[in-house]
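Per the working numbering, the sequence shown runs over residues 116 to 467. Input: a single structure, listed below in structure tokens.
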Amino acid sequence: MYNAKAYSAASATSPLASTVIARRDPTPNDVQIEILFCGICHSDLHQVRNEWSNVMPTVYPCVPGHEIVGRVTKVGSAVTRFKPGDFAAVGCMVDSDRTCPACKAGLEQFCPNFTLTYNFPDKHLGGVTYGGYSDSVVVDQHFVLCVPSNLNLAGAAPLLCAGITTYSPMRHWGVTKGKKVGVVGLGGLGHMGVKFAHALGAHTIVFTTSPGKKEDALRLGADEVILSRNADEMAKHAGSFDFILDAVSAEHDINAYIQLLARDGNLVLVGAPEKPLALSAIGLLFARRSVSGSLIGGIAETQEMLDFCGKHNITSDVEVIPIQKVNEAYERLLKADVKYRFSIDMASLKSE
Ligand code: NAP
Ligand code: ZN
């Protein structure tokens, strides 16, 4: 075991503060990574504030962070894909059972025995896993990804959650050229959704509550932007979408979007608001529409997404911050005031 610097929350109402945590020494299959950047996902905020208490209650102290990129510092004797000095990345999962049908299908995110990067039982050290708001992490090689060398590291970090969470459902539900695709909520996930829908050739339309994000949406690859609070603008698109990705973090009316789906159209929820959303059955019955959900993506698909980003030169639009600004960043996240992902420069942890 060794000590790593980190930022943790002591309770649902305390700010994140500097701390020291234990990390395991690398076992034969492990990769030790010096963390260079970690994105701030809205899930970090939900978890730190225990907003998912009935599904995944938070264990304190909580060290969040699951959008990790860094440099390999040490590898175990059985590690073949990485060597010290390589750039490497870790997303939302650090382990799974590798034997269940989900794991065999490359869908580790649906393994009943997976281990999330933070706030999950730590099989090695006891207690819970600690995430990427830290200067170092040790992860089994199966869950470590390769970062294409042309990508900026601060902008690549958010690909590990915001990227895969939007790429996976688009691939699963066949977003391609000729499809009309909506993205609801231009935040961390949403702006990646726009980049992917555009790169996959779809006619891409952003729904936003923020008039000030209109220009950015077009720059990010949207063909059109709709202010979702304008009922007339919404009504013009009734019954026309093949696929809508809803990446909103708070309570909102999903029925307004269901009305916009074409026959057999699908609204996929990736946002995970604290409270349940009301669903009108009538909106679904007409036109055989569906509402579904999607959780991150499997490890092979995450690598596929990173390689796709390498090929198309896609990264997240980031505001790089020192870790000391993390509490301020959380408050801004709640006001939808980030363009479009905070990425923590972990060098700032050295002064703690
Ligand atoms: P974020 O950066 O805070 O973006 C959320 C966006 O939702 C905001 O930028 C805003 O977009 C819109 N929004 C916020 N409050 C709203 C409200 N009251 N009504 C309507 N729109 C509102 O969050 P994120 O990191 O992208 O995460 C989004 C959600 O996805 C979170 O709930 C997170 O936990 C979840 N998530 C799920 C997965 C998964 O695997 N399914 C993975 C990661 C994250 P506009 O300003 O454009 O309106
Ligand atoms: Zn996330």
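Even glycine gets a Cβ: it sits at the ideal position worked out from N, Cα and C.
Q) Nearest to Ala451 by CA position, among Thr128, Ala365, Gly206, is which residue? A) For Ala451, the closest C-alpha among the options Thr128, Ala365, Gly206 is that of Ala365.
**Q.** Range of the contiguous alpha helix (DSSP H) that encloses Glu446
**A.** It spans 441-449 - the alpha helix (DSSP H) in which Glu446 sits, taken as one unbroken run.
(Q) Following a CB-centred definition, is Ser158 positioned closer than 6 Å to any heavy atom of ligand 2? (A) For ligand 2, at least one heavy atom lies less than 6 Å from the Cβ of Ser158.
(Q) Does the stretch 278-286 come into contact with the stretch 296-307, if we say contact requires no fewer than three beta-carbon pairs (one atom in each stretch) closer than 8 Å? (A) Verdict: yes, contact present.
Q: Enumerate in chain order the residues of its own chain whose CB-to-CB distance from Gly468 is below 6 Å, with the five nearest sequence positions on each side excluded.
A: Outside the displayed range of the chain (116 to 467) lies residue 468, so it cannot be described from this structure.
**Q.** Where the alpha helix (DSSP H) containing Asn428 begins and where it ends
**A.** Where Asn428 is concerned, there is no enclosing alpha helix (DSSP H), because DSSP gives it neither an H nor an E.
Q. For Thr281, which three-state DSSP category applies?
A. In the structure shown, the three-state DSSP call for Thr281 is helix.
Q: Please report the residue range of the alpha helix (DSSP H) in which Lys329 lies.
A: In the DSSP assignment, Lys329 falls within the unbroken alpha helix (DSSP H) covering 329-335.
Q: Compare the C-alpha of Cys177 against each of Phe358, Ala353, Val433, Ala125 and name the closest.
A: Of the candidates Phe358, Ala353, Val433, Ala125, the one whose C-alpha sits nearest the C-alpha of Cys177 is Ala125.
Q. Should the stretch 254-270 be regarded as contacting the stretch 421-430, the criterion being three or more beta carbon pairs within less than 8 Å?
A. Yes, the stretch 254-270 is in contact with the stretch 421-430.
(Q) Quick check on DSSP: helix, strand or coil for Asn234? (A) Coil.
Q.
With a threshold of 6 Å (Cβ to nearest heavy atom), would His181 be considered close to ligand 1?
A. No, ligand 1 has no heavy atom inside 6 Å of this Cβ.
Q: Please work out which residues of its chain come closer than 7 Å, Cβ to Cβ, to Gly191, disregarding the five sequence neighbours upstream and downstream, and give them in chain order.
A: Excluding sequence neighbours, Gly191 sits near Pro141, Thr142, Pro143, Asn144, Asp145.
Q. Ser364: beta carbon under 6 Å from a heavy atom of ligand 1?
A. Indeed, a heavy atom of ligand 1 lies less than 6 Å from the Cβ.
Q: Compute the distance between the beta-carbons of Leu335 and Val309, then report whether it is under 7 Å.
A: Going by C-beta atoms, Leu335 is nearer than 7 Å to Val309.
Q: Put Phe457 into one of helix, strand or coil per three-state DSSP.
A: It is a strand residue.
Q: For Asn165, I'd like the list of residues in its chain whose CB is within less than 6 Å of its CB, leaving aside the five on either flank, ordered along the chain.
A: Cβ within range, chain order: Ala127, Thr173.
Q: Buried or exposed for Asp368, please, with buried defined as at least 16 other CB atoms from any protein chain shown within 10 angstroms of its CB.
A: Under the 10 Å beta carbon count, Asp368 is surrounded by fewer than 16 other beta carbons and is classified as exposed.
Q.
Just to confirm before moving on: does the CB-CB distance between Lys317 and Val298 stay below 7 Å?
A. Checking the sequence shown, residue 317 turns out to be Ala, not Lys. No; because the gap between Cβ atoms is not below 7 Å, this pair is not in contact.
Q) Closest by CA to Gln256, which one among Asp361, Ala137, Ala193? A) Comparing Cα-Cα distances from Gln256 to each of Asp361, Ala137, Ala193, the minimum goes to Ala193.
**Q.** Under 7 Å between C-beta atoms of Arg139 and Val253
**A.** With contacts defined as CB atoms closer than 7 Å, Arg139 and Val253 qualify as a contacting pair.
Q | Neighbour-count burial assignment, Leu449, 16 or more Cβ in a 10 Å radius | A | Classification of Leu449: exposed, given that the 10 Å Cβ count is below 16.
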